Each structure stands twice: as C-alpha cells, then as structure tokens.
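> Have a look at the structure that comes next, please.
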Amino acid sequence: MTPSQDANTATAPAASGIDFETDEQKETNPLDELPGEVEMTIFEHLEELRLRIFYALIAIAVGVIGCFFAVKPIVQLLEVPAQGVKFLQLAPGEYFFVSLKVAGYTGLLLASPFILYQIIQFVLPGLTRRERRLLGPIVLGSSVLFAAGLVFAYFLLIPAALKFFISYGADVVEQLWSIDKYFEFVLLLLFSTGLAFQVPIIQLLLGTLGIVSSKQMLSGWRYVILGAVVLGAVITPSTDPLTQTLLAGAVLGLYFSGIGLVKLIGK
C-alpha cells in the first residue's frame with residue numbers, strides 16, 4: 040500500500056463523520072427556533088403584562104371619551120337602517136345612557152388595533168419563526184373579516200330584520216320604538232356578526248397546528264349546517280327566520296371558504 044492510499048484510508052472516517060454531523064444539524068428546523076431568545080423572570084413577565092394592560096386601558100378610555108363627544112353623528116348613522124321609525128325616550132336619562140353605550144362600543148372598536156398591538160408585543164418573544172410568519176396573515180385576516188361582519192350586519196342583517204318587524208304589524212300598531220331597546224338590538228347584532236365571521240381564522244389555526252385536516256372539516260358538513268342554524272338563532276337578537284337564515288348562510292359560506300384555505304396551505 041502506497042503512502043497516498045494510507046492517507047486516503049485515514050481521512051475516510053473523518054470525512055464520513057463530518058457528513059454525519061451535517062445530517063444531524065439538518066434535522067433541526069430553524070423555523071422552530073426562538074429568534075433572539077431572552078430569559079425573563081416571572082416578575083418581569085407580570086410587570087410587562089401590567090404595563091400592556093395599562094396602555095390598553097388608556098387607549099380604550101381615550102377612544103370612549105372621544106366617541107362620547109362625537110356620539111350624535113354615530114347615533115344618527117345607526118338609526119339609518121330603521122327606515123324613518125320614530126324613537127322615544129321612555130325614561131329620564133335614557134338617551135344619555137344610550138350615548139354611553141354607543142360610545143363604549145365604538146371606542147372599544149377604535150382602540151382595538153392598539154389593544155391588538157399590545158397583545159402581539161407581549162406574546163411575540165415566545166413565538167418561533169414559523170409562528171411569527173403566521174401571525175401577520177392571521178391578524179390581518181381576522182381584522183378584515185370582523186370589518187366584513189360589521190358591514191354585512193349593517194347593510195343586510197339589520198335592515199332585513201327591521202323590515203320584517205315593521206311590515207308585520209304595520210296595519211295594527213304605530214311604529215314608535217324605545218331608543219334603548221333599538222340600540223341593544225343593533226349593537227348586539229353588529230358585534231356578534233363580526234365575531235361569527237372569525238370562523239375561517241379558527242379553521243386556519245386548527246389546520247396549521249395539525250389538529251383538524253380539511254378532509255375532516257368537510258366530512259362533518261351535516262353537523263356544521265345544524266350548528267350554523269343554531270348559531271344564527273342564538274346570535275341574532277330577533278326571532279325572525281329571515282335574519283337567522285342570512286346569518287346561517289354567511290357562516291356556512293365562510294366555513295367552506297375556510298376549508299378551501301386549509302386545503303390550499305396543504306393541511
């Protein structure tokens with residue numbers, strides 16, 4: 040055996056060892072690692088949580104106070120679907136408390152982006168690279184769907200429900216409504232519809248985490264139809280079938296769209 044052959048024989052195990060180590064390194068997915076991991080004590084976490092909650096409460100207070108001083112145009116905007124029905128103040132201060140309620144809901148809605156930002160900043164250090172990539176699309180999609188739910192309720196659900204009630208007793212009773220009861224109906228329907236429109240986001244999370252596949256979601260379509268009908272009956276404050284059918288149909292459309300999204304991402 041020549042000296043060159045001895046050198047090649049001696050270096051062969053070392054080369055194989057280097058390749059084996061590289062294969063082990065490849066088994067660790069860098070997307071599952073925590074970027075810039077920083078250790079914090081439990082007290083530091085609690086202090087940060089306290090600050091985030093404090094900032095969120097300040098944003099809500101500013102939003103509610105600002106909306107209260109501009110509540111009249113908001114009230115007039117929410118009265119539009121009533122199609123000219125006259126509203127009555129049946130108790131002293133009823134409109135004042137309605138104004139507080141409208142300002143509270145509207146202020147919370149306006150402050151929600153800042154609240155969401157505080158939540159993201161609190162949980163972001165504990166997320167892996169893969170989870171951070173999902174965070175942006177999920178937050179954006181959730182915001183868009185919530186806004187779409189508000190628009191759907193304002194332009195379709197509320198007018199349909201009110202038209203049913205107005206036409207049903209038009210030749211028997213005069214339409215004079217309590218302003219407090221009306222705004223309870225409108226605000227509840229707006230926000231419950233916005234929450235119901237989050238169905239595709241929940242599906243996307245379940246599919247991404249590997250909890251439920253698109254095939255499993257599709258196989259339970261019978262239960263989904265039943266659940267959508269029940270959800271439409273529970274969420275809508277009115278008892279008319281038209282409003283419940285519209286909301287149930289929207290939820291079903293969103294559910295099957297969510298199945299398409301989960302299938303599209305390969306889950």
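If you're matching positions, the sequence shown starts at 40 in my numbering and goes up one per residue. From the three backbone atoms N, C-alpha and C, an ideal C-beta is built for every residue, glycine too. Here the structure is a predicted model, which is why all the values come from computation and not from measurement.
Return the chain-ordered list of same chain residues with a C-beta closer than 8 Å to the C-beta of residue 270, the five sequence neighbours on each side being excluded.
Residue 270 sits at position 231 when you count from the first residue of the sequence shown. So the qualifying residues of the chain are 235, 286, 287 and 290.
> Do residue 246 and residue 177 have their CB atoms nearer than 8 Å?
Walking along the sequence shown from the start, residue 246 turns up at place 207. Walking along the sequence shown from the start, residue 177 turns up at place 138. Cβ distance not < 8 Å, so residue 246 and residue 177 don't count as in contact.
> In this structure, how does DSSP classify residue 126 when only helix, strand and coil are distinguished?
Taking the first residue of the sequence shown as position 1, residue 126 is located at position 87. If DSSP states are grouped into helix, strand and coil, residue 126 belongs with the strands.
> Kindly indicate which three-state DSSP category residue 148 falls into: helix, strand or coil?
Translated into the one-based positions of the sequence shown, residue 148 becomes position 109. Here residue 148 sits in helix by DSSP.
> Can the beta-carbon of residue 127 be found less than 8 Å from the beta-carbon of residue 201?
Counting from 1 along the sequence shown, the entry for residue 127 is found at position 88. Counting from 1 along the sequence shown, the entry for residue 201 is found at position 162. Result no, Cβ atoms of residue 127 and residue 201 do not sit closer than 8 Å.
> State the Cα-Cα distance for the pair residue 186 and residue 82, rounded to the nearest angstrom.
Counting from 1 along the sequence shown, the entry for residue 186 is found at position 147. Counting from 1 along the sequence shown, the entry for residue 82 is found at position 43. Roughly 37 Å between the two C-alpha positions.
> Going by C-alpha to C-alpha distance, which of 301, 207, 268 and 227 sits closest to residue 250?
For the purposes of this step, residue 250 is taken as the residue at position 211 of the sequence shown. Among 301, 207, 268 and 227, the Cα nearest to that of residue 250 belongs to 301.
> If you follow the alpha helix (DSSP H) that residue 252 is part of, which residue opens it and which one closes it?
The sequence position of residue 252 within the sequence shown is 213, counting from 1. Unbroken run through residue 252: none, as it is neither H nor E.
> Might you give, ordered along the chain, the residues of its own chain that have their beta carbon closer than 7 Å to the beta carbon of residue 296, omitting 5 neighbours on each side?
The count along the sequence shown starts at 1 and reaches residue 296 at position 257. The residues are 239.
> Can you name the residues that DSSP bridges to residue 217?
Stepping through the sequence shown from its first residue, residue 217 is reached at position 178. Note: residue 217 sits in a beta bridge opposite 127.
> Would you check if the segment 129 to 147 and the segment 92 to 107 touch, i.e. whether three or more CB-CB distances between them fall below 8 Å?
In short, these stretches touch, since the Cβ pair count reaches three.
> Could you give the distance in angstroms between the alpha-carbon of residue 86 and the alpha-carbon of residue 92?
Indexing the sequence shown from 1 puts residue 86 at position 47. Indexing the sequence shown from 1 puts residue 92 at position 53. When rounded, the distance between both Cα atoms is 10 Å.
> For residue 132, count the other beta carbons within 10 Å of its own beta carbon; 16 or more makes it buried, fewer makes it exposed. Which is it?
Taking the first residue of the sequence shown as 1, we reach residue 132 at position 93. Exposed is the call here.
> What number of angstroms, rounded off, separates the C-alpha of residue 208 from the C-alpha of residue 218?
Residue 208 sits at position 169 when you count from the first residue of the sequence shown. Residue 218 sits at position 179 when you count from the first residue of the sequence shown. So the two alpha carbons sit approximately 19 Å from each other.
> Quick check: the Cα distance between residue 203 and residue 122, rounded to an integer number of angstroms?
Here the question's residue 203 lines up with position 164 in the sequence shown. Here the question's residue 122 lines up with position 83 in the sequence shown. Answer to the nearest angstrom: the Cα atoms are 12 Å apart.
> Could you check where the alpha helix (DSSP H) with residue 262 kicks off and where it finishes?
As a working mapping, residue 262 is identified with position 223 in the sequence shown. Here the alpha helix (DSSP H) through residue 262 covers 260 to 274.
> Going by DSSP, what residue range makes up the alpha helix (DSSP H) through residue 112?
Along the sequence shown, read from residue 1 onward, the residue named residue 112 stands at position 73. It spans 110 to 118 - the alpha helix (DSSP H) in which residue 112 sits, taken as one unbroken run.
> Nearest CA to the CA of residue 154: which residue from 171, 111, 94 and 164?
Reading the sequence shown from its first residue, position 115 is the one you call residue 154. Of the candidates 171, 111, 94 and 164, the one whose C-alpha sits nearest the C-alpha of residue 154 is 94.
> Below 8 Å on the Cβ atoms is my contact criterion, and I expect residue 115 with residue 181 to pass it. Report the Cβ-Cβ distance as a whole number of Å.
Here residue 115 refers to the residue found at position 76 when the sequence shown is read from its first residue. Here residue 181 refers to the residue found at position 142 when the sequence shown is read from its first residue. No, residue 115 and residue 181 are not in contact; Cβ-Cβ is about 29 Å, not under 8 Å.
> So, at 7 Å on beta carbons, what are the nonlocal neighbours of residue 134 in its own chain, with the 5 sequence-adjacent residues on each side left out?
Looking up residue 134 in the sequence shown gives position 95. Once the five neighbours on either side are set aside, the close Cβ partners of residue 134 are 128 and 218.
> Measuring CB to CB, does residue 233 end up less than 8 Å from residue 188?
Within the sequence shown, residue 233 is the residue found at index 194, counting from 1. Within the sequence shown, residue 188 is the residue found at index 149, counting from 1. Contact: yes.
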